[in-house]
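Mind the numbering: the sequence shown is residues 1 to 139 in the working numbering, read in order. In this text, a Cβ means the ideal position worked out from N, Cα and C, and glycines have one as well. From a predicted model like this one, the values you see are computed outputs, not experimental measurements. Written below as structure tokens is the structure these notes are about.
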Amino acid sequence: MKISKKVKIGHNNYYIIVNLEYIKKEENFPVLCLKNYKDKYWDGGDCSILIEEIEKNYTSEKAKQYDKHIGFMSDVLYIYDRIPFIDGIKDFYISEKDNIPYSEGYISKKEIDNYIKEFNIKMNPNPNFKLWDGRTWKL
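Structure follows, in structure tokens:
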């Protein structure tokens, strides 16, 4: 199962894509968990709080540390460095005239990882990240 959550960075709206799955816990009780991340814990409320903090602490200077040339990629890398469990990021451009999307983009986690490697982007790994523990979040 995939869900998307909006992240407003500056004047741009992005949507993170999160891959989830149901797993059996004690007594066959189903629990929704992160599918492709080492810490399986998932809670949509915790994720929303993390997103709010990321939006609040965003500056273009912080984002430009990742990529000075392509604004989209600097924002994507800024988000990815703070939300390491995403499967991808979408963006939509809304037509002011019709108020409908006229362009949609998507970059997968694999493509982001390849971009980081190909262009030697300095990321700030956070191996202790836990969605349930705000003390581990990089803002």
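Ignore the nearest five residues each way along the sequence and tell me which others in residue i's own chain have a CB closer than 8 Å to its CB.
| i | result |
| --- | --- |
| I86 | I16, I17, V18, I79, Y80, K109 |
| I23 | P30, V31, C33, K40 |
| D67 | M73, S74, L77, F119, I121 |
| E55 | V7, K8, I9 |
Residue i: beta carbon under 7 Å from a heavy atom of the ligand NAD?
| i | result |
| --- | --- |
| T59 | In the structure on display, the ligand NAD does not appear, and there are no ligands present to speak of. |
Could you have a look at residue i and say whether DSSP puts it in helix, strand or coil?
| i | result |
| --- | --- |
| F72 | helix |
| G10 | coil |
| Y80 | helix |
| K5 | strand |
| Y145 | The first residue shown for the chain is 1 and the last is 139, placing residue 145 beyond what the model contains. |
| Y58 | coil |
| L50 | helix |
| D43 | coil |
Spell out the partners DSSP gives residue i in its beta bridges.
| i | result |
| --- | --- |
| S108 | G88 |
| C33 | E21 |
| P101 | I94 |
Which same chain residues, not among the five before or five after residue i, have their C-beta less than 7 Å away from its C-beta?
| i | result |
| --- | --- |
| I107 | V76, G88, I89 |
| K6 | N13, Y15 |
Enumerate in chain order the residues of its own chain whose CB-to-CB distance from residue i is below 6 Å, with the five nearest sequence positions on each side excluded.
| i | result |
| --- | --- |
| K64 | S74 |
| L131 | Y41, D46 |
| S103 | Y93 |
Kindly indicate which residue of the options has the alpha-carbon position closest to the one of residue i.
| i | options | result |
| --- | --- | --- |
| L145 | E27, I54, S4, Y102 | Since the first and last residues shown for the chain are 1 and 139, residue 145 lies out of range. |
| F129 | Y14, E111, K2, P84 | P84 |
| P125 | I49, P101, R82, Y115 | R82 |
| K2 | E61, L50, K117, K35 | K35 |
* Asked: Is the segment 44–56 close to the segment 86–97, with three or more CB pairs under 8 Å?
  -> No, the segment 44–56 is not in contact with the segment 86–97.
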